[in-house]
Each structure stands twice: as structure tokens, then as C-alpha cells.
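The next block holds one structure in the form of C-alpha cells; read it before the comments.
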Amino acid sequence: MAKITYIEHNGTRHEVDVANGLTVMEGARDNNIPGIEADCGGACACSTCHVYVDPAWVEKLPAKDPMEEDMLDFAYQPDPTRSRLTCQLKVTDELDGLVVQMPEKQI
């Protein structure tokens, strides 16, 4: 179980416990957190679960695979360092304390 903080574009914070084995996207969906649409259901076929990872966490996450890199090209205002698709981030104990911020909109 990991405590993950999701920050909406307007600054509203949501701290939730997410079970290991789920993705960061599923944690947002299951807790009704606005700002992560996840149109493809987690298949890495869209960019509507895009977030900006807190700078302190960027190096702690697994590297992006080529498919995630390609999908981020379609995200709203992607940041080359901080942008991630939450469907590609599996929750483990090591993600306890992760902070992500939603963009202004998903496209």
C-alpha cells in the first residue's frame, strides 16, 4: 500500500492509499479524483492520464518505455522530465509518498 498525493490543477490535494499492484491511474479512478480521465482504460493508447511528477520523485520512478514516450507526445503541454502516464506506474511500497500534479486539461 502506498499513500499517493494527487494535486488538481487548481491546487486541491487528494491524499489516498492505493493498493500495491494497481496503477497510479487506477488509484485516481477508484477514488474519484478529478483530472485523470483514462479514456483507454490503462492500455497506454491515449494521454488522458497524464500528470507531472513532483521533481523529488522523477529519478525514483522506473524509466519510461518507448510506448509511453510516444503517447506523451499527444499530452497537453508535456514536460520532458516530469510528465508521466499514470497507467504506466505500478504501485509498490516504494511509491509511498509519491506526489503527482494534473495538467490544466487532458487531451
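By the numbering used here, the letter at position 39 of the sequence shown is numbered 41, and the numbering carries on one by one without gaps.
Here a beta-carbon is modelled for each residue, glycine too, at the ideal position from N, C-alpha and C.
The structure presented is a predicted model; accordingly, all values stated were derived computationally and were not measured.
What do you reckon, are the CB atoms on residue i and residue j nearer than 7 Å?
i, j, result
"Val93", "Asp56", "no"
"Leu91", "Glu70", "no"
"Ile35", "Val20", "no"
"Glu39", "Gln108", "yes"
What are the boundary residues of the beta strand (DSSP E) that includes residue i?
i, result
"Arg86", "85-87"
"Val20", "15-20"
"Val53", "52-55"
"Ala167", "Only positions 3 to 109 of the chain appear in the structure, and residue 167 is not among them; the question remains open."
So what does residue i bridge to, in DSSP terms?
i, result
"Ile75", "Residue 75 is actually Asp in this sequence, not Ile. DSSP, once it has assigned bridges, lists no residue as partnering Asp75."
"Val93", "DSSP, once it has assigned bridges, lists no residue as partnering Val93."
On the DSSP letters alone, give me the boundaries of the alpha helix (DSSP H) that residue i sits inside.
i, result
"Val26", "26-32"
Between the stretch 70-80 and the stretch 8-19, do at least 3 Cβ pairs fall closer than 8 Å?
no
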